[in-house]
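Below is one structure, written out as structure tokens; the observations come after it.
There are 2 protein chains.
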Amino acid sequence: MTTALHVTPVEGLPEIQSGDDLAGMLATAALDQGLADGDCLVVTSKVVSKAEGRLVPVADEGDKAHVVEAEAVRVLRRRGDLVITETAHGHVCANAGVDLSNAPDGCAVLLPEDPDRSARRIRDVLLGRGRRVAVVISDTFGRPWREGVVDVALGVAGLRAVVDLRGAPDAMGRELQVTEIAIADEVACAAELVMGKARSVPAAIVSGLDPAWLGDGSGRDLIRPPAEHLFR
Amino acid sequence: MTTALHVTPVEGLPEIQSGDDLAGMLATAALDQGLADGDCLVVTSKVVSKAEGRLVPVADEGDKAHVVEAEAVRVLRRRGDLVITETAHGHVCANAGVDLSNAPDGCAVLLPEDPDRSARRIRDVLLGRGRRVAVVISDTFGRPWREGVVDVALGVAGLRAVVDLRGAPDAMGRELQVTEIAIADEVACAAELVMGKARSVPAAIVSGLDPAWLGDGSGRDLIRPPAEHLFR
Chain B
7 MTTALHVTPV
17 EGLPEIQSGD
27 DLAGMLATAA
37 LDQGLADGDC
47 LVVTSKVVSK
57 AEGRLVPVAD
67 EGDKAHVVEA
77 EAVRVLRRRG
87 DLVITETAHG
97 HVCANAGVDL
107 SNAPDGCAVL
117 LPEDPDRSAR
127 RIRDVLLGRG
137 RRVAVVISDT
147 FGRPWREGVV
157 DVALGVAGLR
167 AVVDLRGAPD
177 AMGRELQVTE
187 IAIADEVACA
197 AELVMGKARS
207 VPAAIVSGLD
217 PAWLGDGSGR
227 DLIRPPAEHL
237 FR
Chain U
7 MTTALHVTPV
17 EGLPEIQSGD
27 DLAGMLATAA
37 LDQGLADGDC
47 LVVTSKVVSK
57 AEGRLVPVAD
67 EGDKAHVVEA
77 EAVRVLRRRG
87 DLVITETAHG
97 HVCANAGVDL
107 SNAPDGCAVL
117 LPEDPDRSAR
127 RIRDVLLGRG
137 RRVAVVISDT
147 FGRPWREGVV
157 DVALGVAGLR
167 AVVDLRGAPD
177 AMGRELQVTE
187 IAIADEVACA
197 AELVMGKARS
207 VPAAIVSGLD
217 PAWLGDGSGR
227 DLIRPPAEHL
237 FR
């Protein structure tokens with residue numbers, strides 16, 4: 007692939023409420039912004055969760071802690087307020103993905119119940135409007151040995167989440183070692199750079215992706231099975 | 007920031023040899039491709055290491071294992087051929103970053119000795135050619151709980167590696183919780199999407215970054231201090 011990649015924020019969406027037709031609103035805004043066949047629409051899980059009504063009332067930090075415990079299927083570590091958890095989806099992240107920032111007053115936002123399904127629903131609406139695109143539902147995760155957070159893909163539709171270059175010859179003509187690239191996570195990172203946390207931009211269009219990356223993929227493809235965890 | 011991000015591969019570079027004037031070659035190629043003030047040039051550590059002569063002869067896998075042991079300051083886990091290590095820089099990664107893919111025959115490539123210095127050298131050459139840009143030296147790391155690899159920033163010059171949004175109000179006017187974004191890692195991911203492992207494209211231009219992100223930064227800012235590791 008030698009073409010450039012372009013990442014465009016999807017602007018002009020109102021604050022999303024529970025029950026809103028998010029897919030329809032995203033489709034209208036993204037088509038306005040030039041969404042084309044082969045592009046990937048990245049949508050933050052926060053706005054997906056709000057539209058899907060994944061909100062629980064929390065009065066205080068104690069309430070939030072209870073919600074985190076309820077959402078986690080396993081706690082890997084605790085330090086102070088920080089709880090490293092495994093979610094029902096299989097993601098390992100802080101606080102089971104429960105978040106108070108950008109949440110309606112008195113509420114915490116949970117992760118979407120089935121992020122792949124959320125991605126497929128948005129993709130289907132876009133297909134209905136004549137655009138064959140990929141959709142990624144993104145969230146923001148920390149890393150155990152690196153400072154700062156980066157975005158990852160929770161849900162994927164129409165995109166291969168991991169592209170396996172094992173066995174493809176390297177530039178010296180020898181076989182490459184392990185090179186399974188987490189394309190969907192990198193696409194989520196690229197999108198995050200134009201969305202920003204405090205700017206109410208809940209989606210971005212990534213265009214210029216290698217057409218070979220389009221196809222069936224799932225956010226589950228990015229989850230390492232617990233039996234292969236070296237750090238538990 | 008409401009502008010789009012653009013990521014352009016830097017093509018036309020020859021296979022880099024030990025002792026090559028990589029900074030000069032990159033500057034010429036990137037200026038040809040329209041590198042402008044405020045852009046970030048992302049360069050793979052592989053090509054930096056080759057130019058800097060960070061190569062060691064290895065006859066077989068046993069030799070490689072010895073090189074990995076020598077490069078690691080600590081081994082966190084072993085499983086089969088996989089060794090999770092801490093490098094002298096402080097990065098936690100597989101095999102101390104020692105890599106055989108895209109290496110000259112009979113050699114392994116080590117990480118650059120001081121990736122920030124490597125980034126500053128390239129940046130200084132570009133400043134000398136009249137372009138005030140950021141430079142990121144990138145590498146490809148795995149993640150403990152996620153499948154596939156993604157790119158990260160090892161060396162940084164002219165860019166804030168981590169941007170702290172803590173305390174900035176969210177869209178609801180409340181204070182954001184922890185949101186320190188690892189901008190330099192996300193920029194490395196965006197660049198990787200146009201470089202590809204088997205295509206001999208060792209650099210990419212990322213343009214459209216928030217000007218507030220330009221400034222002093224270091225790859226060390228992305229390394230979580232061992233005392234704060236919850237997983238050792």
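Chains B and U, in that order, are what the protein sequence lines are.
Under my numbering, think of the first position of the first sequence as 7, with each following residue one higher.
Under my numbering, think of the first position of the second sequence as 7, with each following residue one higher.
Glycine is no exception: its CB is placed at the ideal position from the N, C-alpha and C atoms.
All values derive from a computational prediction rather than experimental measurement.
Interface residues of chain U around residue i at Cβ under 7 angstroms?
| i | result |
| --- | --- |
| LEU220 (chain B) | Neighbours of LEU220 (chain B) on chain U: none; closest Cβ ~14 angstroms, over 7 angstroms. |
| ALA188 (chain B) | ARG152, GLU153, GLY154, VAL155, VAL156 |
Check the Cβ of residue i against every Cβ in chain B and list those closer than 8 angstroms, keeping chain order.
| i | result |
| --- | --- |
| HIS72 (chain U) | Result: empty, since nearest Cβ-Cβ is about 18 angstroms, beyond 8 angstroms. |
| ASP191 (chain U) | ARG152, GLY154, VAL156, CYS195 |
| THR93 (chain U) | Residues of chain B passing the Cβ test: none, with the nearest at roughly 11 angstroms. |
Just reading off the beta strand (DSSP E) that residue i is part of, what are its end residues?
| i | result |
| --- | --- |
| SER213 (chain B) | 209-213 |
| HIS302 (chain U) | Residue numbering for chain U in the displayed model covers 7 to 238; residue 302 (chain U) lies beyond these limits and cannot be assessed. |
| LEU61 (chain U) | 61-63 |
| ALA33 (chain U) | Where ALA33 (chain U) is concerned, there is no enclosing beta strand (DSSP E), although the alpha helix (DSSP H) it sits in stretches over 28-38. |
| VAL73 (chain U) | That residue, VAL73 (chain U), is in no beta strand (DSSP E); its alpha helix (DSSP H) goes 67-77. |
| ALA100 (chain B) | 98-100 |
| ALA114 (chain U) | 113-115 |
Can you give the beta carbon distance from residue i to residue j, rounded, assuming they're within the 8 angstroms contact cut?
| i | j | result |
| --- | --- | --- |
| VAL158 (chain B) | ARG152 (chain U) | 7 angstroms |
| LEU165 (chain U) | LEU88 (chain U) | Wrong, their Cβ atoms sit about 31 angstroms apart, outside the cutoff. |
| LEU11 (chain B) | GLY154 (chain U) | Contact doesn't hold; Cβ gap of about 18 angstroms is too wide. |
| LEU61 (chain B) | CYS113 (chain B) | 4 angstroms |
| ILE90 (chain U) | ALA76 (chain U) | 16 angstroms between Cβ atoms; not a contact. |
| ILE211 (chain U) | GLN23 (chain U) | Between GLN23 (chain U) and ILE211 (chain U) the Cβ distance is about 23 angstroms, and since that is not below 8 angstroms, they are no contact. |
| PRO208 (chain U) | LEU41 (chain U) | The pair is not a contact, with the Cβ atoms about 15 angstroms apart (cut-off 8 angstroms). |
| ALA35 (chain B) | VAL16 (chain B) | 5 angstroms |
| ASP115 (chain B) | LYS70 (chain B) | Reading off the sequence, residue 115 (chain B) comes out as Val, not Asp. VAL115 (chain B) to LYS70 (chain B), Cβ: 11 angstroms. No contact. |
| ALA167 (chain B) | GLY223 (chain B) | 4 angstroms |
| GLU58 (chain U) | PRO110 (chain U) | No, GLU58 (chain U) and PRO110 (chain U) are not in contact; Cβ-Cβ is about 14 angstroms, not under 8 angstroms. |
| SER144 (chain U) | THR9 (chain U) | Not a contact, Cβ separation roughly 23 angstroms. |
| GLU192 (chain U) | ASP170 (chain U) | That pair is no contact at about 15 angstroms. |
| PHE237 (chain B) | PHE237 (chain U) | 4 angstroms |
Between which two residues does the alpha helix (DSSP H) harbouring residue i extend?
| i | result |
| --- | --- |
| LEU133 (chain U) | 121-134 |
| VAL200 (chain U) | 189-201 |
Provide the residue(s) that pair with residue i in DSSP beta bridges, ordered along the chain.
| i | result |
| --- | --- |
| ARG85 (chain U) | U:LEU88 |
| SER144 (chain B) | B:THR50, B:ALA159 |
| GLU186 (chain B) | B:ASP170 |
| ASP105 (chain B) | B:VAL115 |
| ILE229 (chain U) | B:ARG152 |
| ARG238 (chain U) | BP columns for ARG238 (chain U) are empty, so no partner. |
| LEU19 (chain B) | In DSSP, LEU19 (chain B) forms no bridge with anything. |
| LEU220 (chain B) | B:LEU165 |
| ARG80 (chain U) | U:GLU92 |
Would you mind telling me which residues of chain U sit closer than 9 angstroms to residue i, beta carbon to beta carbon, in chain order?
| i | result |
| --- | --- |
| VAL13 (chain B) | ALA10, LEU11, HIS12, VAL13, ALA196, GLY214 |
| ASP227 (chain B) | GLU153, GLY154 |
| ARG60 (chain B) | Ordered by position in chain U, no residue passes the 9 angstroms Cβ test against ARG60 (chain B), which lies about 17 angstroms from the chain. |
| ILE90 (chain B) | LEU236, PHE237 |
| ALA83 (chain B) | The question names Ala, but residue 83 (chain B) in the sequence shown is Arg. In chain order: LEU236, PHE237. |
| ARG127 (chain B) | Here the premise fails: no neighbours, minimum Cβ distance about 24 angstroms. |
For a contact defined as C-beta to C-beta under 9 angstroms, what are the partners of residue i on chain C?
| i | result |
| --- | --- |
| VAL98 (chain B) | Among the protein chains in the structure shown, which are B and U, there is no chain C. |
How would you list, in chain order, the residues of chain B whose beta-carbon sits under 7 angstroms from the beta-carbon of residue i?
| i | result |
| --- | --- |
| THR34 (chain U) | Near THR34 (chain U) there are no residues of chain B at all, since even the closest Cβ is about 18 angstroms away, more than 7 angstroms. |
| THR50 (chain U) | The premise fails here: THR50 (chain U) is roughly 11 angstroms from chain B at the closest Cβ pair, so nothing lies under 7 angstroms. |
| ARG230 (chain U) | TRP151, ARG152, GLU153 |
Starting from the beta carbon of residue i, find every residue of chain B whose beta carbon is closer than 9 angstroms, and list them in chain order.
| i | result |
| --- | --- |
| LEU116 (chain U) | By Cβ distance, chain B contributes nothing, its closest Cβ being about 15 angstroms from LEU116 (chain U), past 9 angstroms. |
| VAL142 (chain U) | Within 9 angstroms Cβ-Cβ: nothing; VAL142 (chain U) doesn't reach chain B, min ~13 angstroms. |
Could you list which residues in chain U have their beta carbon closer than 8 angstroms to that of residue i, in chain order?
| i | result |
| --- | --- |
| VAL104 (chain B) | What VAL104 (chain B) touches in chain U: nothing, since even the nearest Cβ is about 11 angstroms away. |
| ARG123 (chain B) | Within chain U, no residue comes near ARG123 (chain B); the closest Cβ sits about 20 angstroms away, beyond 8 angstroms. |
Is any non-hydrogen atom of the ligand NAD found closer than 7 angstroms to the C-beta of residue i, if you look at the structure I gave you?
| i | result |
| --- | --- |
| ALA125 (chain B) | Absence of the ligand NAD from the depicted structure is noted, as is the absence of any ligand whatsoever, leaving it without description. |
Below 8 angstroms, can you find three or more Cβ-Cβ pairs linking the region 129-139 of chain B to the region 69-88 of chain B? Cβ pair count under 8 angstroms is below three, so no.
Any contact of the region 56-72 of chain B with the region 189-200 of chain B, i.e. 3+ C-beta pairs under 8 angstroms? Verdict: no, contact absent.
Determine contact between the region 13-29 of chain U and the region 124-136 of chain U, defined as no fewer than three beta-carbon pairs at a distance below 8 angstroms. Touching, yes, given that three or more Cβ pairs across the two stretches are closer than 8 angstroms.
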